[in-house]
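Residue numbers (this note's numbering), protein chains in the order written: chain U, 191 to 445; chain P, 191 to 445.
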């Protein structure tokens with residue numbers, strides 16, 4: 191099986207011109223087949239504010255009413271996605287921007303209302319990786335925005351980490367997939383006050399021990415649980431690292 | 191050669207929910223291979239106004255400074271394009287939304303400054319129809335937004351009529367192409383005050399006679415000149431009609 195690297199980037203990195211340019215140069219140097227999944231939340235919040243649409247977050251997730259759905263469709267599907275594609279084309283990477291609605295790539299289900307009504311937020315139901323895999327083998331480099339659809343005509347706002355994980359799992363039938371989550375730290379830290387205390391490798395039993403000892407906690411727990419699920423579903427490895435470490439084999443490897 | 195219908199729609203039709211829904215149902219009923227090219231100018235003007243970005247038109251073309259480029263990227267590439275794609279998916283049409291930057295579909299050149307500086311506006315230089323044609327043969331239905339790129343990292347605002355014409359010409363090497371321009375009238379009229387005076391068929395010599403007699407004038411002249419250029423470049427026929435006549439073989443045929 192041929193190798194494929196799926197890189198998820200979010201936060202400031204994709205939303206500030208300088209760091210985005212550096213990221214895309216690094217991404218263009220990643221060898222072999224590849225995919226980029228991006229976020230864009232800060233720009234969405236900014237545009238929403240300008241338009242007088244209130245941003246409301248619950249458990250780190252954006253409440254997405256009809257107006258906010260328009261905002262994220264414009265920002266994720268338009269502004270961020272198409273600018274990344276144009277930049278990559280300049281770097282001779284034959285990028286193609288996609289949402290989950292395009293070619294029915296990712297069908298999701300509107301999140302049921304329990305304690306919280308998240309609005310137009312989708313939980314991934316199905317990734318159609320066949321055509322995507324064919325595109326990649328044609329030399330195309332997909333750039334995926336965090337939007338899905340319900341096949342009932344609605345776009346749905348969907349967490350970019352989840353999209354990255356689900357697409358990686360679906361592509362594991364076609365490629366030997368490495369999933370890279372880029373975030374603001376160098377990797378999973380054994381000491382949150384020491385930026386250099388990156389744990390180089392974690393497997394499921396060491397993960398459980400770290401959680402027990404309180405070294406891994408909070409938001410890092412679901413991130414790692416998702417990573418182990420991806421591994422279980424056939425993804426070869428998951429790496430958690432800084433964007434600047436993209437091509438340097440640094441960060442924490444989940445195996 | 192197999193048949194392909196390329197339909198260009200703009201104006202109110204794609205920007206009001208009811209007329210858009212009807213258009214997409216009609217489009218879904220067009221038999222065989224097909225492509226939709228859309229505009230979105232009214233929504234762009236509305237969003238620009240909300241954001242305090244001034245809309246300036248010269249000769250019917252939008253002056254596109256850096257802020258306006260963001261607006262059209264959000265509206266054309268995001269809001270309008272992705273909503274059309276999601277609606278078509280509901281209708282079991284396997285739509286894929288594209289700008290000219292995606293897979294380097296349409297490279298353009300920033301319009302040189304003469305009397306007017308149009309800003310980030312592109313004149314089409316090259317359409318790469320090979321992959322597009324392969325997509326179509328895979329059963330995908332491209333939905334193209336009026337944005338191109340210069341391969342230097344810049345998106346460029348590009349007239350949707352022009353994109354439709356250029357894509358039709360490039361695809362004429364792969365398909366027997368019918369190009370349909372949907373606009374607000376039933377076709378080219380022989381009497382501008384009589385909505386039913388549609389000229390059923392125009393060839394180049396009848397066109398010249400109509401112009402001479404002042405029956406065809408103003409904005410209709412470049413529209414028809416573009417149509418004849420498309421025919422010369424191998425497009426089989428061009429139809430100018432109302433969106434509601436899409437599947438009814440009405441309107442004016444340019445041959």
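Don't be surprised by glycine CBs; every beta carbon is placed ideally from N, CA and C.
Contacts between residue 199/P and chain U, judged by CB atoms closer than 9 Å, are missing: the closest CB pair is about 18 Å apart. Residue burial is scored here from C-beta neighbours: residue 254/P has at least 16 other C-beta atoms within 10 angstroms and is therefore classed as buried.
Burial check for residue 336/U: the Cβ neighbour count within 10 Å reaches 16 or more, so the residue is buried.
The three-state reading of DSSP puts residue 436/P in coil, since its state is none of H, G, I, E or B.
Following the DSSP letters along the chain, one finds residue 443/P inside the beta strand (DSSP E) bounded by residues 442-444.
In this structure residue 363/P is exposed. Its beta-carbon is surrounded by fewer than 16 other beta-carbon atoms within 10 angstroms.
From the beta-carbon of residue 286/U, the residues of chain P found nearer than 8 Å are 288, 292, 293. At the C-beta level, residue 347/P and residue 252/P come within 8 Å of one another.
Burial is judged here by how many other beta carbons sit within 10 angstroms of a residue's own beta carbon; residue 278/U has at least 16 and is buried. Counting other Cβ atoms within 10 Å of its Cβ, residue 356/P reaches 16 or more and is therefore classed as buried. With fewer than three CB-CB distances shorter than 8 Å, the stretch 307-316 of chain U does not count as touching the stretch 205-225 of chain U. Residue pairing of residue 313/P in beta bridges, as defined by DSSP: 299/P.
Within the stretch 256-272 of chain U, contact with chain P at the beta-carbon level (separation under 8 Å) is assigned to 260, 263, 264, 265, 266, 267, 268, 269, 271, 272. At a C-beta separation below 7 Å, residue 275/P has these neighbours in chain U: 291, 292. Taking the Cβ atoms as the reference, residue 353/U lies roughly 21 Å from residue 378/U, outside the contact range of under 8 Å. Each residue's CA atom was taken as its position, placing residue 281/P and residue 275/P some 10 Å apart. With fewer than 16 other beta carbons inside 10 angstroms of its own, residue 303/P counts as exposed. Counted as a single uninterrupted DSSP element, the alpha helix (DSSP H) harbouring residue 235/P occupies residues 231-240. Among the residues of the stretch 214-229 of chain U, none has a Cβ less than 8 Å away from any Cβ of chain P.
Secondary structure remark: continuous alpha helix (DSSP H) runs of at least 4 residues inside the stretch 254-288 of chain P, in chain order: 256-262, 271-280. In the structure shown, residue 365/U adopts coil according to DSSP, grouped into three states.
Where residue 331/U is concerned, the enclosing beta strand (DSSP E) starts and stops at 331-334.
Under DSSP, residue 348/P forms no beta bridge with any residue. Residue 410/U is not bridged by DSSP to any residue. Listed by position along chain U, the residues whose Cβ is nearer than 8 Å to that of residue 316/P form an empty set, because the closest Cβ is around 12 Å away. Within the stretch 320-336 of chain P, those residues whose Cβ lies closer than 8 Å to any Cβ of chain U are, in chain order, 321, 324, 328, 330. The alpha-carbon of residue 394/P is positioned some 14 Å away from that of residue 426/P. DSSP places residue 403/P outside both helix and strand once states are collapsed to three, so it counts as coil.
With at least 16 other beta carbons inside 10 angstroms of its own, residue 332/P counts as buried.
According to DSSP, residue 227/U shares a beta bridge with 198/U, 334/U. Linking residue 200/P to residue 386/P through their CA atoms gives a straight-line distance of about 22 Å. Across the structure, residue 209/U and residue 430/U are spaced so that their CA atoms are roughly 18 Å apart. Annotated as distal: residue 195/U and residue 227/U, with beta-carbon spacing of 8 Å or more. With its beta carbon less than 8 Å from one in chain U, residue 280/P belongs to the interface. The beta-bridge partner set that DSSP reports for residue 431/P consists of 372/P.
Going by beta carbons, residue 223/U and residue 365/U fall inside the 8 Å limit.
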